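Asker: Numbering (our numbering), first residue to last: 551 to 863. Here you go, one structure.
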């Protein structure tokens with residue numbers, strides 16, 4: 551769920567500038583291959599747990615390579631808009647997939663197996679993913695409050711109007727695209743160790759559509775939307791799979807949950823798009839909750855003044 555939230559954020563950052571980019575799965579796959587090649591061929595582990603310091607080196611290399619490639623790809627492709635940009639980024643993902651299938655260093659269609667583990671149990675990966683998620687959320691929160699973030703939102707609203715007030719659309723769009731690429735590459739590095747294997751089936755166009763849907767349903771106007779959407783849409787298929795195994799369910803219902811869970815998943819996407827066009831989380835939600843909280847506090851002070859310090863009895 552934390553990895554899903556991070557991938558959702560990697561798609562959300564270009565959307566801050568109104569860029570419909572589906573390139574994140576490509577950078578995700580690239581980061582995974584960097585981790586797989588480093589840990590199995592360049593820095594193989596002789597035995598025991600894989601050192602966390604080497605994973606830190608992989609994260610650094612993944613961030614640099616993904617960011618550099620993001621700039622190289624972003625400068626020409628971000629001249630496109632809308633569906634044309636989406637098609638160009640889909641082509642980029644397919645090019646990386648074909649290269650992964652044809653190169654010997656990536657293991658071809660078989661991929662790379664036996665990627666070493668830095669932890670004893672999978673749940674311990676939260677020591678890596680949770681700080682990265684919290685740091686990303688804090689960074690995006692601050693980004694939305696300062697000039698670069700406001701410039702991105704201005705470009706999303708009206709690129710021509712933004713350029714007339716001195717905002718360089720190309721610079722900020724490439725910046726957003728590169729930051730999303732770096733985050734996707736970091737997630738790929740961690741995911742390669744988590745999954746223990748990496749091949750060309752990782753980071754495909756299908757994954758990009760799923761996580762873009764998570765962003766749109768969760769909400770694409772605030773960073774909390776991709777976080778909640780990524781978590782929910784990552785957990786939902788497994789939740790349906792678990793419900794199918796409950797004893798006592800009618801046979802037809804168990805089969806529907808087990809074999810038709812992806813259809814249920816798709817139906818929820820359609821209903822969410824219809825009934826929540828702005829997503830489940832909107833910027834006004836925080837303001838509304840804050841106002842209700844203050845009203846409740848004022849009400850509590852008047853009803854139970856003795857429970858509040860420095861209040862008149």
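By construction, the Cβ of each residue, glycine as well, lies at the ideal position given by its N, Cα and C atoms. Please read all numbers here as calculations on a predicted model, not as lab measurements.
(1) Run through DSSP, which three-state label would residue 747 get?
(2) With residue 592 as the anchor, note down where its alpha helix (DSSP H) starts and where it stops.
(3) Less than 7 Å between C-beta atoms, sequence neighbours within five positions excluded: which residues of the same chain meet that for residue 567?
(4) When DSSP labels each residue in this structure, what does residue 717 get in the three-state scheme?
(5) Can you look up residue 862 in the DSSP assignment and give me helix, strand or coil?
(6) So residue 664 is in the alpha helix (DSSP H); what residue range does that whole segment cover?
(7) Quick one: grab the DSSP three-state call for residue 825.
(8) Decide yes or no for the touch test of the stretch 636–654 against the stretch 735–744: beta carbon pairs closer than 8 Å, at least 3 of them.
(9) What do you get for residue 556, buried or exposed, if any count of 16 or more other CB atoms within 10 angstroms of its CB means buried?
(10) Would you be able to state if there are at least three C-beta pairs under 8 Å between the stretch 757–768 and the stretch 645–664?
(11) Let me know the secondary structure DSSP gives residue 567 once reduced to three states.
Answerer: So, from the data block:
(1) strand
(2) Careful: residue 592 lies outside any alpha helix (DSSP H) and carries neither H nor E.
(3) 702, 705, 706, 722, 723 and 726
(4) coil
(5) With a pLDDT of 49 at residue 862, under the threshold of 50, the predicted position of this residue should be treated as unreliable, though the coordinate-derived value follows. Residue state, collapsed to three classes: coil.
(6) Element bounds for residue 664: n/a, residue is neither H nor E.
(7) helix
(8) no
(9) buried
(10) no
(11) coil
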